Amino acid sequence: MTARIIDGKTIAADLRGKVTDSVHRLLRDRGLVPGIAVVLVGENPASEVYVRTKSKMVAAAGMHAIDRKLPVTTTEAELLALVGELNADPVVNGILVQLPLPPQIDSHKIIAAIDPAKDVDGFHPLNVGRLASGLPALVPCTPLGCVMLAKSVHGSLAGMDAVVIGRSNIVGKPVAQLLLAENATVTIAHSKTRDLPALCRRADLLIAAIGRAEMVRGDWIKPGATAIDVGINRVPAEGGKSRIVGDVAYAEAAAVAGALTPVPGGVGPMTIACLLLNTLRAACAQHGLPEPKI
Ligand code: GUN
58 MTARIIDGKT IAADLRGKVT DSVHRLLRDR GLVPGIAVVL VGENPASEVY
108 VRTKSKMVAA AGMHAIDRKL PVTTTEAELL ALVGELNADP VVNGILVQLP
158 LPPQIDSHKI IAAIDPAKDV DGFHPLNVGR LASGLPALVP CTPLGCVMLA
208 KSVHGSLAGM DAVVIGRSNI VGKPVAQLLL AENATVTIAH SKTRDLPALC
258 RRADLLIAAI GRAEMVRGDW IKPGATAIDV GINRVPAEGG KSRIVGDVAY
308 AEAAAVAGAL TPVPGGVGPM TIACLLLNTL RAACAQHGLP EPKI
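Following this note's numbering, the numbering of the sequence shown begins with 58 at its first residue and continues without gaps.
Right, here's the structure in full:
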């Protein structure tokens with residue numbers, strides 16, 4: 058079998074287009090421009106690239122981007138003060154504090170300080186709890202993108218055996234909750250899981266969010282299954298260069314899977330598109346407007 062390649066770039070562009078249309082309607086009908094503040098502490102090059110891309114896409118969608126860059130020496134108190142300022146600013150509908158944070162700052166404290174109504178990352182304990190309780194919530198962007206990509210292949214995920222590899226708060230746990238909400242049967246695997254390859258081979262839907270280059274081999278995948286690769290790993294390439302690979306050994310997986318996301322061009326573009334969607338949803342909710350139909 059040769060897997061169908063799930064084109065995250067196109068699906069994300071389509072979602073961004075729908076969000077942009079809705080943002081234009083919001084401006085025309087209500088005079089509102091959704092705004093998102095992106096806070097970056099320190100000089101992590103990967104985070105800087107990511108934040109720059111986010112800001113460009115936010116502007117392209119007709120939204121207002123407020124970028125706050127702080128030095129690596131920023132204290133927890135200083136960052137809490139900035140979060141407080143952004144919470145109180147009516148121009149700011151969404152707040153994203155880029156993770157990881159420098160070691161002197163407790164990320165849990167920062168996330169808990171963000172107004173849950175502006176928590177476009179869906180990381181605040183209130184939104185985490187709402188998602189787990191089956192209540193409407195702002196939900197994490199990468200997991201939401203993964204589920205949208207899986208639904209682009211299958212329509213409904215009801216009854217599917219889903220295996221999530223990875224239990225992070227950013228991807229593994231929330232994607233498992235979202236899949237459960239879609240009525241999949243969900244198993245969360247992690248570094249202590251026994252016989253991971255055998256467990257993965259049972260999955261109709263495999264979500265790889267481990268952060269280890271090409272760890273999932275072709276023979277871990279059930280023939281015809283769908284594999285969603287969340288990994289973004291930089292590995293050495295010829296000529297002293299580097300290249301980006303996922304958590305799934307792509308060529309091997311493509312020979313076995315029914316559908317597969319590429320890296321880059323799979324989950325990555327969906328994360329930012331979902332951030333735009335969350336910002337739009339947050340802005341509408343804060344103004345007492347109905348949920349945008351997207
Ligand atoms: N770092 C890596 N992914 C994310 C994300 O989705 N949100 C934030 N805030 N930081 C991240």
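We put the beta carbon where it would ideally sit given N, CA and C, even for glycine. Everything numeric in this text was worked out from a predicted model, so none of it was measured.
In the structure shown, the three-state DSSP call for Asp-78 is helix. Counting along the chain, the unbroken alpha helix (DSSP H) around His-211 starts and ends at 198–211. Cys-257 has its alpha-carbon roughly 9 Å from the corresponding atom of Ala-246.
Counted as a single uninterrupted DSSP element, the alpha helix (DSSP H) harbouring Val-140 occupies residues 133–145. With a threshold of 8 Å, the Cβ atom of Asp-178 counts as near the ligand GUN, since some heavy atom of the ligand is closer than that. Exposed is the label assigned to Thr-132, since fewer than 16 other Cβ atoms lie within 10 Å of its Cβ. Straight-line measurement puts the Cα of Arg-338 at about 6 Å from the Cα of Glu-348. Within the segment 240–313, the runs of beta strand (DSSP E) that reach at least 3 residues and sit entirely inside it are, in chain order, 242–246, 262–265, 283–286, 290–293, 299–302. Across the set Met-120, Ser-104, Ile-351, the C-alpha of Met-120 shows the shortest separation from the C-alpha of Leu-84.
Each of Asp-276, Ile-285, Val-302 was checked against the Cα of Lys-208, and the nearest Cα belongs to Ile-285. Membership of Gly-92 in the beta strand (DSSP E) is indicated by the continuous run 92–98. When secondary structure is reduced to three states using DSSP, Gly-119 falls in the coil class, being assigned neither helix nor strand. At least one heavy atom of the ligand GUN lies less than 8 Å from the C-beta of Cys-198. Comparing alpha carbon positions, the residue from Arg-269, Ala-312, Asp-178, Ala-194 closest to Ile-93 is Asp-178. Closest in C-alpha terms to His-81, from the list Arg-109, Val-115, Arg-61, comes Val-115. Counting along the chain, Ala-219 sits inside the beta strand (DSSP E) bounded by residues 218–222. Contact between Ala-314 and Asn-150 does not hold, since their C-beta atoms are separated by about 38 Å, which reaches or exceeds 8 Å.
For Ser-104, the shortest C-beta to heavy atom distance toward the ligand GUN is below 8 Å.
Shortest Cα-Cα distance from Asp-146 to any of Arg-291, Pro-91, Ile-227 involves Pro-91.
Gly-288 and Gly-345 have their alpha carbons spaced roughly 37 Å apart. Set against 8 Å, the gap from the CB of Ile-227 to the closest heavy atom of the ligand GUN is smaller. Taking Ile-222 as reference, the option from Val-154, Met-205, Val-232 with the minimal CA-CA separation is Val-232. The DSSP-derived three-state label of Asp-71 is helix. Residue environment: Met-58 is assigned as exposed (fewer than 16 neighbouring CB atoms within 10 Å of its CB, all protein chains considered). As the crow flies, the alpha-carbon of Leu-183 is around 7 Å from that of Pro-173. Rounded to whole angstroms, Gly-322 and Ala-265 show a C-alpha spacing of 15 Å. For the pair Ala-238 and Gly-296, the Cα-to-Cα distance works out to about 46 Å.
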